Amino acid sequence: MRGTVFGLGAALVLLSIGAWAQDRLEVARACAPDIERLCGNVEPGQGRIKACMRQHFREVSPGCLDMLLKAMAAEKEPE
Numbered sequence: 082m083r084g085t086v087f088g089l090g091a092a093l094v095l096l097s098i099g100a101w102a103q104d105r106l107e108v109a110r111a112c113a114p115d116i117e118r119l120c121g122n123v124e125p126g127q128g129r130i131k132a133c134m135r136q137h138f139r140e141v142s143p144g145c146l147d148m149l150l151k152a153m154a155a156e157k158e159p160e
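For the sequence shown, the positions run 82 to 160 when the numbering used here is used.
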């Protein structure tokens with residue numbers, strides 16, 4: 082359970098503050114296993130998980146990458 086909570090929380094830091102809550106939840110679900118696998122030994126806080134995921138960006142699963150790209154695109158769309 083701790084790993085799941087860690088993964089979901091960590092995935093939230095991948096999106097900027099401006100992202101919609103639904104996008105964050107979808108990214109958290111899609112990326113939690115990748116965050117646990119790639120950055121599970123990284124202590125959360127001060128942007129460390131985000132930095133770790135940036136280092137391993139080419140290693141994320143297709144599902145996680147797809148959700149990240151969709152969320153970033155949604156952030157850039159004018160309202």
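Idealized CB from N, CA, C, for every residue including glycine.
This one's a predicted model, so the numbers in the text were calculated from it and none came from an experiment.
Checklist entry - From which residue to which residue does the alpha helix (DSSP H) around Arg129 run? => result Here residue 129 refers to the residue found at position 48 of the sequence shown. Taken as a continuous stretch (DSSP letters only), the alpha helix (DSSP H) holding Arg129 covers Arg129 to Gln136.
Item to check | Local conformation of Pro125 per DSSP, three classes | outcome: Mapped onto the sequence shown, residue 125 falls at position 44. Three-state result, Pro125: coil.
Next on the checklist: Let's test the definition: count the other Cβ atoms within 10 Å of the Cβ of Met148 and tell me whether it reaches 16, buried, or not, exposed.
Outcome noted: Here residue 148 corresponds to residue number 67 of the sequence shown, with the count starting at 1. Counting Cβ neighbours within 10 Å, Met148 comes out buried, since at least 16 surround it.
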